[in-house]
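The structure appears below as structure tokens.
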Amino acid sequence: MKMVNVMNWQQEQDRLDLVTEKLRSRIAELEPEVTGLREQVVDIRKRFWEEVTVNTSTDEDFEETFYSIKQQEALLSERERSHRQRVQRFKNMKRLLPSPYFGRMDFQEDGLGLSDKIYIGVASFVDADGVDFLVYDWRTPIASMYYDHSPGPSTYETPGGQITGEMMLKRQYQIRSGQLQNVFDTSLTIGDELLQQVLGKGADSQMKSIVATIQKEQNAIIRNDKSRMLIVQGAAGSGKTSAALQRVAYLLYKHRDRLKADQIVLFSPNPMFNSYVSTVLPELGEENMQQTTFQEYLAYWLGSTMNLEDPFEQIEYVLTSQSLQGYQARLTGMQYKASEAFLHALQSYALWLGKEGMLFHSICFRDRELITAEQMKSQFYSYDSSIRLANRIALLREWLLRELTKLERQEMEAPWVQDEVDYLDNDQYAEAYSEVLKKYRREEAVFDFTEQYLEIYGDFRIQKDGEENVFDFSSQEEELLRRMIVKEHFKPLRRDAKRLKFIDTIGLYEQLFSDEATYQKMTGENDVPDQWLEICKQTKEKLSHTELFYEDETPFLYLKELIEGSRTNTMVRHLFIDEGQDYSPFQFAFLKQLFPRASMTVLGDFSQAIFPQSTNLQEVDSPLIRLYGEEETNLFRLIRSYRSAREIVEFTKALLPKEEIVPFDRGGKKPHLLKASNDVERVVRIKEDLAALMAEGLDSIAVITKTAAESREAYEALLAQGGENLRLVTKETLTFEKGTLIIPAYLAKGVEFDAVLIYDASTQTYHRESERKLFYTACTRAMHRLLLYTTGDWSHFIQALDASLYEVV
Ligand SMILES: Nc1ncnc2c1ncn2[C@@H]1O[C@H](COP(=O)(O)OP(=O)(O)OP(=O)(O)O)[C@@H](O)[C@H]1O
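Heads up: the sequence shown is residues 57 to 865, going by the numbering used here.
Okay, here's the thing in structure tokens:
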């Protein structure tokens with residue numbers, strides 16, 4: 057690091073003052089205009105019809121009116137567009153004002169004499185002449201050089217080709233309220249002083265933008281716009297989430313004329329994470345993308361008819377139910393149901409169903425089968441087998457609706473209808489009649505009804521004209537009423553038919569889990585997993601209660617869509633999947649199908665794969681690479697870890713077999729190991745440590761446990777010892793707040809804390825190889841301090857470490 061000398065400092069402050077002044081005066085200049093524009097637009101809207109001549113008496117007049125309206129419309133939308141742009145510019149200037157830029161580079165382009173001073177900030181600011189860029193937006197092509205190069209020969213890409221030249225100077229600034237706080241000149245060997253400062257700070261309840269200190273390897277990810285699929289395998293704390301959010305902002309800028317924030321979707325690991333990252337984009341002056349979780353999607357489509365297990369219940373089972381019967385089979389089932397093999401099995405199964413084996417629910421009415429499952433089946437297989445399954449289902453639906461209409465007509469004669477009519481006393485009768493009338497007028501059946509009514513009313517008139525007393529008004533009215541009654545009763549049948557409820561999806565999914573030979577016949581799959589029959593038994597047992605295991609939910613929905621026709625969302629253009637290692641190959645294939653027009657960015661860390669259905673992101677034959685093919689896929693690896701102090705990274709890195717992770721050089725304290733002789737002593741110790749950490753100024757602390765039950769136990773034990781201001785985090789927790797949290801490791805994914813206390817690092821708790829990654833994930837949440845506790849023997853993951861990596865206290 058080299059601090060700039062006093063003379064340069066003064067020059068920089070003078071330049072800053074100048075830019076600040078220009079910003080101020082432009083803001084003052086624009087303010088009335090921006091407000092004026094808004095009023096103008098409102099005004100045009102209000103007077104829209106006053107301004108157009110509405111005259112349609114002749115063709116010519118009509119044409120004139122038409123053009124007059126068109127003209128008004130064009131004027132209005134032009135005003136609106138320019139209004140929007142101006143407001144955006146105005147907002148950008150206001151955002152720039154306190155800290156107009158964070159970087160500068162002096163660049164001499166080859167072949168040009170003078171070097172340019174390029175200042176970089178969160179938005180562009182052009183001088184009044186409209187030519188001179190006082191500040192460049194960090195997303196402009198030239199600004200890329202700032203992140204990619206140190207002083208020396210440099211290049212950057214523009215739409216017109218590559219520009220080369222010499223970077224003479226690279227400078228970083230910290231500016232607050234228009235005052236220079238720090239100025240650093242950087243070079244390759246000196247490193248990133250600003251980053252040192254930023255990383256030394258405390259954790260926040262909201263993620264921050266990293267725009268001022270984006271690293272070269274992150275910049276490549278942020279700006280890569282070439283491939284359909286971008287995969288980032290990055291160590292814990294290497295900035296995957298940060299880079300993803302910067303990438304969203306970059307894409308919104310680069311494609312601002314055609315891409316809107318709601319065309320980008322981020323899949324997050326849990327709802328709390330949504331709140332954690334929600335301020336980054338607004339901080340960068342962009343609107344937030346859509347955020348969701350995969351579970352939310354499943355719940356939307358399946359939640360109303362089935363009881364769904366969520367991924368956290370699934371992981372609790374994996375972590376706590378080893379001793380239960382059938383545990384191993386369920387685990388094997390989880391893996392199989394997550395695989396591409398099972399996806400292919402379902403595809404083949406759907407083809408098989410095209411020929412035989414479809415299952416339907418009979419349509420029943422008043423304890424009678426109106427249309428039997430067998431009738432539907434034979435109707436279904438009477439359609440040409442070359443028609444796609446989903447299209448044949450659509451044909452069957454049409455057929456059913458027609459059949460229902462016929463049956464409805466027949467049903468009018470049924471005695472129960474007459475009973476129902478008779479049952480009405482006079483008042484009720486009149487009331488029901490007018491109710492029925494009103495209702496049918498309101499609803500879609502109105503045309504249908506009017507037709508019927510006219511039919512009857514017409515008859516009445518004809519008869520009335522001819523023979524005065526023959527007409528029996530009440531019998532006609534009764535007939536109408538009978539029709540209405542039947543129609544009302546048939547409504548749910550029609551609605552269910554429209555919604556394809558006649559397909560026995562549960563039965564079809566259940567049917568798959570038959571003995572090996574049948575499974576092979578239906579799917580063509582020769583390999584079934586071990587303990588197949590036990591897997592079948594468990595799955596069926598769950599289905600019999602209209603429940604689904606988490607691992608069955610995506611396959612179930614997929615099968616449903618293979619039969620009914622798949623849903624697609626063509627509006628979404630970019631999909632971001634964070635914690636990508638926790639999604640199954642099956643889920644990825646599903647997402648690809650769901651968003652056919654979207655590019656995908658998948659970020660993850662296989663070392664943090666804590667769910668049994670995980671996907672390895674970077675293996676040569678990873679299903680993820682196969683998803684769009686190698687040609688369409690770019691794989692990036694991030695190995696530098698920014699989150700934790702060096703000592704913590706060295707400790708956590710050693711927990712993994714051979715993971716390449718390079719700590720960012722920020723010193724701290726070694727992890728502390730504390731062994732207590734019993735639970736009470738441990739909790740008392742934790743309470744004291746919490747107080748000491750807070751006294752050090754660390755205000756975001758997490759006590760991390762393995763399971764939800766352990767979290768509750770820790771929470772209660774701490775409360776019993778007089779612990780204060782503790783917050784127990786469960787899967788229902790929606791917001792992320794500062795303070796002291798008690799949280800299971802799987803919910804702490806993706807977030808970070810000043811200090812992490814591992815509540816129980818004993819060998820009983822972290823023992824199995826599959827728990828190594830969970831333990832690693834928990835420890836890597838720590839930025840500045842990591843403390844581990846036990847009352848028994850240390851986990852053998854710790855025992856295997858070199859003693860120099862920690863301090864026993
Ligand atoms: N270039 C950078 N400049 C400043 N801070 C950075 C940079 N890159 C990463 N960080 C910081 O490092 C921390 C970890 O970043 P982030 O959460 O994005 O990592 P991650 O790879 O998603 O981590 P994990 O997989 O462990 O959840 C954050 O505090 C982030 O602000």
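Note that the Cβ used here is the ideal one computed from N, Cα and C, for glycine as well.
Distance check for residue j and residue i, CA to CA, integer angstroms please.
i, j, result
"residue 632", "residue 657", "5 Å"
"residue 860", "residue 707", "9 Å"
"residue 278", "residue 287", "12 Å"
"residue 477", "residue 553", "27 Å"
"residue 767", "residue 67", "56 Å"
"residue 845", "residue 816", "5 Å"
"residue 146", "residue 337", "18 Å"
"residue 299", "residue 305", "10 Å"
"residue 276", "residue 675", "21 Å"
"residue 720", "residue 694", "12 Å"
"residue 526", "residue 538", "Any reading at residue 526 must be qualified, since the residue scores a pLDDT of 42, below 50, and its modelled position is unreliable; the value itself is stated next. Between residue 526 and residue 538, the C-alpha separation is close to 21 Å."
"residue 85", "residue 69", "24 Å"
"residue 685", "residue 289", "17 Å"
"residue 640", "residue 669", "5 Å"
"residue 799", "residue 764", "7 Å"
"residue 119", "residue 131", "18 Å"
"residue 176", "residue 160", "6 Å"
"residue 713", "residue 395", "25 Å"
"residue 216", "residue 595", "58 Å"
"residue 881", "residue 606", "Lying outside 57 to 865, the shown extent of the chain, residue 881 is not represented and no answer is given."
Of the residues the options, which one's Cα is nearest the Cα of residue i?
i, options, result
"residue 803", "203, 794, 790 and 795", "790"
"residue 834", "720, 777 and 705", "705"
"residue 231", "240, 225, 199 and 371", "240"
"residue 89", "140, 417, 354 and 567", "140"
"residue 446", "414, 319 and 120", "414"
"residue 667", "344, 828 and 253", "828"
"residue 482", "534, 472 and 439", "534"
"residue 822", "375, 460, 808 and 175", "375"
"residue 725", "677, 774, 543 and 811", "811"
"residue 412", "613, 577 and 738", "577"
"residue 541", "475, 600 and 556", "475"
"residue 783", "796, 170 and 772", "796"
"residue 398", "377, 581 and 253", "581"
"residue 564", "547, 573 and 620", "620"
"residue 296", "73, 604, 692 and 260", "692"
What residues match up with residue i in a beta bridge as DSSP calls it?
i, result
"residue 850", "818"
"residue 223", "163 and 208"
"residue 691", "287"
"residue 177", "193"
"residue 656", "285 and 631"
"residue 845", "730"
"residue 718", "696"
"residue 348", "323"
"residue 559", "416"
"residue 182", "189"
"residue 229", "239"
"residue 425", "420"
In the DSSP assignment, find the unbroken beta strand (DSSP E) run with residue i in it and report its ends.
i, result
"residue 798", "795-800"
"residue 385", "No beta strand (DSSP E) holds residue 385; the alpha helix (DSSP H) holding it covers 383-393."
"residue 323", "320-323"
"residue 782", "782-784"
"residue 807", "Counting along the chain, residue 807 falls outside any beta strand (DSSP E), and DSSP gives it neither H nor E."
"residue 304", "Per DSSP, residue 304 belongs to no beta strand (DSSP E); it is in the alpha helix (DSSP H), 296-310."
"residue 758", "756-761"
Quick one: give me the first and last residue of the alpha helix (DSSP H) that residue i is part of.
i, result
"residue 433", "429-438"
"residue 235", "Careful: residue 235 lies outside any alpha helix (DSSP H), inside the beta strand (DSSP E) at 235-241."
"residue 473", "471-479"
Legend entry - Validate contact between the stretch 169-188 and the stretch 75-86 using beta carbons, cut 8 Å, 3 pairs: yes
Legend entry - Touching by the beta-carbon criterion (3+ pairs, under 8 Å), the stretch 839-854 and the stretch 694-702: yes
Inset, instruction - Please determine if the stretch 295-312 and the stretch 192-200 are in contact, where contact requires at least 3 C-beta pairs separated by less than 8 Å. - result: yes
Legend entry - Validate contact between the stretch 576-589 and the stretch 381-401 using beta carbons, cut 8 Å, 3 pairs: yes
Inset, instruction - Say whether the stretch 424-438 touches the stretch 395-408, bearing in mind that this needs 3 or more beta-carbon pairs closer than 8 Å, one atom from each stretch. - result: no
Legend entry - Touching by the beta-carbon criterion (3+ pairs, under 8 Å), the stretch 315-322 and the stretch 727-735: no
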